[in-house]
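Accompanying notes for the structure given below.
Number of protein chains: 2
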Amino acid sequence: MLNHVKVVLVGTSHSGNIGSAARAMKVMGLSEMVLVAPQCEVDAQAIALAAGASDIALNAQVVESLEQAVEECTLVVGSSARSRTLEWPMLEPRDCGRKMIEQAAHHRHSALVFGRERTGLTNDELQKCHYHVAIPANPEYSSLNLAMAVQTLSYEVRMAYLERQERAYSGNISQYQAEYPRNKELELFYSHLEKVLVDTQFTSKDQPGKVMNKLRRLFSRARPEIQELNTLRGILTAVEKSIGSKR
Amino acid sequence: MLNHVKVVLVGTSHSGNIGSAARAMKVMGLSEMVLVAPQCEVDAQAIALAAGASDIALNAQVVESLEQAVEECTLVVGSSARSRTLEWPMLEPRDCGRKMIEQAAHHRHSALVFGRERTGLTNDELQKCHYHVAIPANPEYSSLNLAMAVQTLSYEVRMAYLERQERAYSGNISQYQAEYPRNKELELFYSHLEKVLVDTQFTSKDQPGKVMNKLRRLFSRARPEIQELNTLRGILTAVEKSIGSKR
Numbered sequence: 001m002l003n004h005v006k007v008v009l010v011g012t013s014h015s016g017n018i019g020s021a022a023r024a025m026k027v028m029g030l031s032e033m034v035l036v037a038p039q040c041e042v043d044a045q046a047i048a049l050a051a052g053a054s055d056i057a058l059n060a061q062v063v064e065s066l067e068q069a070v071e072e073c074t075l076v077v078g079s080s081a082r083s084r085t086l087e088w089p090m091l092e093p094r095d096c097g098r099k100m101i102e103q104a105a106h107h108r109h110s111a112l113v114f115g116r117e118r119t120g121l122t123n124d125e126l127q128k129c130h131y132h133v134a135i136p137a138n139p140e141y142s143s144l145n146l147a148m149a150v151q152t153l154s155y156e157v158r159m160a161y162l163e164r165q166e167r168a169y170s171g172n173i174s175q176y177q178a179e180y181p182r183n184k185e186l187e188l189f190y191s192h193l194e195k196v197l198v199d200t201q202f203t204s205k206d207q208p209g210k211v212m213n214k215l216r217r218l219f220s221r222a223r224p225e226i227q228e229l230n231t232l233r234g235i236l237t238a239v240e241k242s243i244g245s246k247r
Numbered sequence: 001m002l003n004h005v006k007v008v009l010v011g012t013s014h015s016g017n018i019g020s021a022a023r024a025m026k027v028m029g030l031s032e033m034v035l036v037a038p039q040c041e042v043d044a045q046a047i048a049l050a051a052g053a054s055d056i057a058l059n060a061q062v063v064e065s066l067e068q069a070v071e072e073c074t075l076v077v078g079s080s081a082r083s084r085t086l087e088w089p090m091l092e093p094r095d096c097g098r099k100m101i102e103q104a105a106h107h108r109h110s111a112l113v114f115g116r117e118r119t120g121l122t123n124d125e126l127q128k129c130h131y132h133v134a135i136p137a138n139p140e141y142s143s144l145n146l147a148m149a150v151q152t153l154s155y156e157v158r159m160a161y162l163e164r165q166e167r168a169y170s171g172n173i174s175q176y177q178a179e180y181p182r183n184k185e186l187e188l189f190y191s192h193l194e195k196v197l198v199d200t201q202f203t204s205k206d207q208p209g210k211v212m213n214k215l216r217r218l219f220s221r222a223r224p225e226i227q228e229l230n231t232l233r234g235i236l237t238a239v240e241k242s243i244g245s246k247r
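Structure below.
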């Protein structure tokens, strides 16, 4: 499904950025890179920074115009700072990811479009996009580099993908299953604990209630597993012995 | 509020990564960087990659141990791949961001902890964290570089911050907030507990490690509040007295 989301880099100047973008994509499970009129080659620097994702950079489709890059796409989103001169439908990164995965689930392609390192996308290119997406950066310093922007938007695509999968297979997600004690055993632990608190004179025999409620609340949050409960019981027994053996 | 979230880099080898991490932080509005036993200097390479965020790298606090880095923090989250050998309370990046902002809103500090480039955090360091957070990367290629991981988790902190601001404007924020101890106090509790386990001969003096790790894991899940921690300390003291008074 993630191969239905393309990452389109327009007019990239530094080959290292192509490599880093490829790495960011692959880590997030994306694979389809398109280079529009790149100003550099996919060279050794690109390969070095791509690390294990050099396949994505080497297999990138190279085209002359943004139009060519996105012609099969039903959803085209351009990455851009929020603009005052160009009012355009805006998406948050999170909604952008969700919309793309919605498309992908119906075998439709979408494109995340990133502009030049210094100047971004031209107005003409921005107007070829259905939406713009702005990463809500620090207004005092919003200089996100290209690969970081690819990383962040790809991350939201992946999160939307995982959310959707979880919904699809809900009930069948985590493999690890903790073994929890039966309530009976839990109550035996609390009785034991209460006894030790009285024995050590931490609480008086008539008034253990308030402290015990606090401790129940604490241990309920932790939800001890069987093994852990056994450890706690063992500690209580060790305390009893230490007191008793001195008697 | 965002200055209550620290980014802690442990044993970083490449100064460029410190620079790129500083840039990622600043773009997302974070400012507090701590370097634990760095294996490199904040040199020209770091400054170059930090671009307009060199102030963050240059002002980074440098300390010897993770414990020092996080002693004032009420929430410590270690970045880690999901581990099979060490089961620990896990957070999704999104929940991690939200929890940190919740703390920050009440003037509490939290720390995002990142390990070494090749080997990550040691088990010992991971066990000093209250939670682990894993960026849900592509299982076939999960090699996220350090700065990208900083970018992604800082992004979720920022998103949580913006969400909260939005809710604050719509007057929709709950008032109740648990008071959590600083990490220093938590560590004092663990030392105290360890001492009592040895005193009661539940563990031998040389081998408290394994049991202590189990107990850390349990209490990390519970995340004791200040009052609760005081209760636990009080119980330990009562046990000590009971043993001692019989001697």
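From first to last, the protein sequence lines are chains A and H.
Mapping of the first sequence onto UniProt numbering: residues 1 to 247, in sequence order.
Mapping of the second sequence onto UniProt numbering: residues 1 to 247, in sequence order.
Backbone N, C-alpha and C fix where the C-beta goes; we use that ideal spot for every residue, glycine too.
All values reported here derive from a predicted model rather than from experimental measurement.
Asked, Found
"Assigned secondary structure, L112 (chain H) (DSSP; H/G/I helix, E/B strand, else coil)", "strand"
"Burial state of L58 (chain A) (16 or more Cβ within 10 Å)", "exposed"
"L144 (chain A) versus A149 (chain H) - alpha carbon distance", "14 Å"
"Partners in chain A for P181 (chain H), counting only beta-carbon separations shorter than 9 Å", "Those do not exist, as P181 (chain H) stays about 13 Å from chain A at its closest Cβ, beyond 9 Å."
"Interface partners of S79 (chain A) on chain H, CB under 9 Å", "Ordered by position in chain H, no residue passes the 9 Å Cβ test against S79 (chain A), which lies about 14 Å from the chain."
"Whole-number beta carbon distance between M100 (chain A) and V5 (chain A), since they are thought to touch under 8 Å", "5 Å"
"The stretch 66-80 of chain H / the stretch 127-137 of chain H touching (three or more Cβ pairs under 8 Å)", "yes"
"Three-state secondary structure assigned by DSSP to V62 (chain H)", "strand"
"Exposure label - K26 (chain A); buried when at least 16 CB within 10 Å", "buried"
"Per DSSP, cross-strand counterpart(s) of G97 (chain H)", "According to DSSP, G97 (chain H) bridges with nothing at all."
"Closest Cα partner of T231 (chain H) within the set H:I243, H:P139, H:F189", "H:F189"
"is_contact[K195 (chain H), chain A] using C-beta, thresh 8 Å", "no"
"Three-state secondary structure assigned by DSSP to H132 (chain A)", "strand"
"Alpha-carbon to alpha-carbon, C73 (chain A) and E67 (chain A)", "10 Å"
"Cβ pair count under 8 Å reaching 3, the stretch 88-95 of chain H against the stretch 42-54 of chain H", "no"
"Residue interval of the alpha helix (DSSP H) (run including S204 (chain A))", "Neither: S204 (chain A) is in no alpha helix (DSSP H) and is coded neither H nor E."
"C-alpha distance - A48 (chain H) paired with N17 (chain H), whole-angstrom precision", "11 Å"
"G209 (chain H) versus R116 (chain H) - alpha carbon distance", "23 Å"
"Within chain H, the residues that I235 (chain A) reaches when beta carbons sit closer than 8 Å", "L197, T200, F202"
"CB-CB length for R223 (chain A) against R221 (chain H), believed under 8 Å", "7 Å"
"Cβ pair L9 (chain A), F114 (chain A) closer than 8 Å", "yes"
"Closer than 8 Å to chain H by CB, T152 (chain A)", "yes"
"Cβ-Cβ separation, S242 (chain A) to Q207 (chain H) (assumed contact under 8 Å), whole Å", "Contact doesn't hold; Cβ gap of about 18 Å is too wide."
"Distance between R118 (chain H) and Y155 (chain H) (C-alpha atoms, nearest Å)", "23 Å"
"Nearest neighbour of G234 (chain A), chosen from A:G19, A:L215, A:V196, A:T203 [CA to CA]", "A:V196"
"Same chain only: Cβ atoms within 7 Å of Q39 (chain H), ignoring 5 sequence neighbours per side", "G11, T12, S13"
"Cα-Cα separation, L215 (chain H) to W88 (chain A)", "54 Å"
"CB contact flag (A147 (chain A), R98 (chain A), <8 Å)", "no"
"Presumed contact (8 Å Cβ cut-off) between Q127 (chain H) and N183 (chain H), rounded CB distance", "Not a contact, Cβ separation roughly 13 Å."
"Sequence-distant residues of the same chain with beta carbon closer than 7 Å to T203 (chain H), five excluded per side", "L197, V211"
"Residue environment, V70 (chain H), which counts as buried when at least 16 other CB atoms sit within 10 Å", "buried"
"Inter-residue spacing [alpha-carbon to alpha-carbon] between A60 (chain A) and Y180 (chain H)", "50 Å"
"For I56 (chain A) and M33 (chain A), believed in contact at Cβ under 8 Å, the rounded distance", "5 Å"
"Beta-carbon neighbours of G29 (chain A), restricted to chain H and to distances below 7 Å", "N138"
"Proximal residues to R158 (chain A) (C-beta, below 6 Å), its chain only, five neighbours per side dropped", "M28, G29"
"Contacts of residue 293 (chain H) in chain A (Cβ-Cβ under 8 Å)", "Nothing about residue 293 (chain H) can be read from this structure; chain H reaches only from 1 to 247."
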